[in-house]
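**Q** Following this message is one structure expressed as structure tokens.
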Amino acid sequence: MVSLKLRGIIYAGQSHFTCRFIERGGKMWFHDGITTGRRCLPEININRVEDKLSLHRCGEKRAVAVIYARDD
312 MVSLKLRGII
322 YAGQSHFTCR
332 FIERGGKMWF
342 HDGITTGRRC
352 LPEININRVE
362 DKLSLHRCGE
372 KRAVAVIYAR
382 DD
């Protein structure tokens, strides 16, 4: 059986997109080209997020796409 893991979330709102991506170890990063430029900001490890439904939103933006990848 193939195992898929969440690797990214794209958020939209206010005519703008932001995203989070998740490394294999669970470390989450945030990117918003307007506020962070070329930098990604570290966030909490996804394994420590108690309410996974909270990932449906990022500030005023809501998740519009998710990216999964094989966990080989």
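Each residue of the sequence shown is one higher than the last, beginning at 312 in my numbering.
Note that beta-carbon positions come from the ideal geometry of N, C-alpha and C, so glycine has one too.
This one's a predicted model, so the numbers in the text were calculated from it and none came from an experiment.
Compare the C-alpha of Gln325 against each of Gly348, Val313, Asp343 and name the closest.
**A** By 1-based counting over the sequence shown, the position of residue 325 is 14. Comparing Cα-Cα distances from Gln325 to each of Gly348, Val313, Asp343, the minimum goes to Asp343.
**Q** Using beta-carbon positions only, say whether Gly319 and Ile355 come within less than 8 Å of one another.
**A** Position 8 of the sequence shown, counted from the start, is the residue given in the question as residue 319. Position 44 of the sequence shown, counted from the start, is the residue given in the question as residue 355. No, Cβ-Cβ distance for Gly319 and Ile355 is not below 8 Å.
**Q** Any idea if Thr329 is buried or exposed, counting beta-carbon neighbours within 10 angstroms, 16 or more meaning buried?
**A** Here residue 329 refers to the residue found at position 18 of the sequence shown. Thr329 is buried by the Cβ-count criterion.
**Q** Quick one, which of Thr346, Gly337, Leu366 has its alpha-carbon nearest Tyr322's?
**A** Residue mapping note: residue 322 aligns to position 11 of the sequence shown, counting from 1. Taking only the C-alpha atoms, the option nearest Tyr322 is Leu366.
**Q** What is the DSSP secondary structure of Arg373, reduced to helix, strand or coil?
**A** By 1-based counting over the sequence shown, the position of residue 373 is 62. Of the three classes helix, strand and coil, the one that applies to Arg373 here is strand, per DSSP.
**Q** Please report how far the alpha carbon of Met339 lies from the alpha carbon of Met312, in whole angstroms.
**A** For this step, residue 339 is matched to residue 28 along the sequence shown. For this step, residue 312 is matched to residue 1 along the sequence shown. Cα-Cα distance, rounded: 26 Å.
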